[in-house]
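Here is the structure we will look at, set down as structure tokens.
Have a look at this one:
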């Protein structure tokens, strides 16, 4: 679900479908990660980044993070609903229920998908 958002639709499907791993240099080249750090330096670099972030204005940092993350969360929530709808259609295709039953099952599965969104901001606010 997240690969197409990070890598684009074509490359984003390639890795999950083939099971091929994305190497660290490939991830850096494609912009999936910001930097590569060797294992021995990892905690030191994480601490450096944490200190840099802690030194910034917390309100500005929170608002910036919100602006950057919100579209990604919305896209993921939208994909969840689409996936649930496709799953419902696929499972119902074999059963061939009456149209009213199909409507009820799809509505129930969609409503269940909305209830699984853990971010109240996404569940409660319209697009």
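Numbering (the working numbering), first residue to last: 43 to 169. Note that CB positions come from ideal geometry on N, CA and C, so glycine has one too. If you're wondering where the values come from, they're calculated on a predicted model, not measured in any experiment.
- Ranked by how close their Cα comes to the Cα of residue 72, the residues 103, 88, 45, 114 have 45 in first place.
- Here DSSP, grouped into helix, strand and coil, assigns residue 64 to coil.
- Using a 10 angstroms sphere on the CB of residue 119, the tally of other CB atoms reaches 16 or more, which defines it as buried.
- For residue 77, no alpha helix (DSSP H) segment is defined, and its DSSP state is neither H nor E.
- Around the beta carbon of residue 49, 16 or more other beta carbons lie within 10 angstroms, which makes this residue buried.
- Cβ-Cβ distances below 7 Å link residue 114 to 47 in the same chain, with the five nearest sequence neighbours on each side left out; the list follows chain order.
- Excluding the 5 residues flanking it on each side, residue 79 has same chain C-beta neighbours closer than 7 Å at 87, in chain order.
- Note that the C-beta distance between residue 110 and residue 103 is not below 8 Å.
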